[in-house]
Amino acid sequence: MKINPTNKPYLNPYQKQMQNQPMKQSNQQSDKVEISNKAKAMQESNTIEKARQDHVQSIKQQVQDGEYDVDLKKTAEKLLEFYRG
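Quick note: the sequence shown uses full-length UniProt numbering, first residue 1, plus one each step.
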């Protein structure tokens, strides 16, 4: 008894269709991040804020230790400058 093979092309049309299609090359895209100017400014302001906090903390420590000295002449000049406009 002879058994005929079952992988005839008409039995599996999907396989034939896949063989006839050219292999598609996948377009590899790289991720790209753009940071807006506003976000950059916010990040910079956070850095400035940290420096300001450090400066204020330093002055507080000097006041507590009794080492903070105020320049009265400079303070008076700034007050006059402020009120004169």
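Every residue gets a Cβ at the ideal spot worked out from N, C-alpha and C, and that includes glycine.
Because the structure is a prediction, the values reported are computed rather than measured.
Check: By DSSP, does isoleucine 35 sit in helix, in strand, or in coil?
Finding: If DSSP states are grouped into helix, strand and coil, isoleucine 35 belongs with coil.
Checklist line | Extent of the continuous alpha helix (DSSP H) run through glutamate 67 | finding: From DSSP, glutamate 67 is part of no alpha helix (DSSP H); its letter is neither H nor E.
Notebook entry, point to check: Going by beta carbon distance, what residues of the same chain come within less than 7 Å of asparagine 37, once the five residues before and after it are set aside?
Noted result: Scanning its chain for C-beta atoms nearer than 7 Å, with the 5 sequence neighbours on each side dropped, one finds no residue around asparagine 37.
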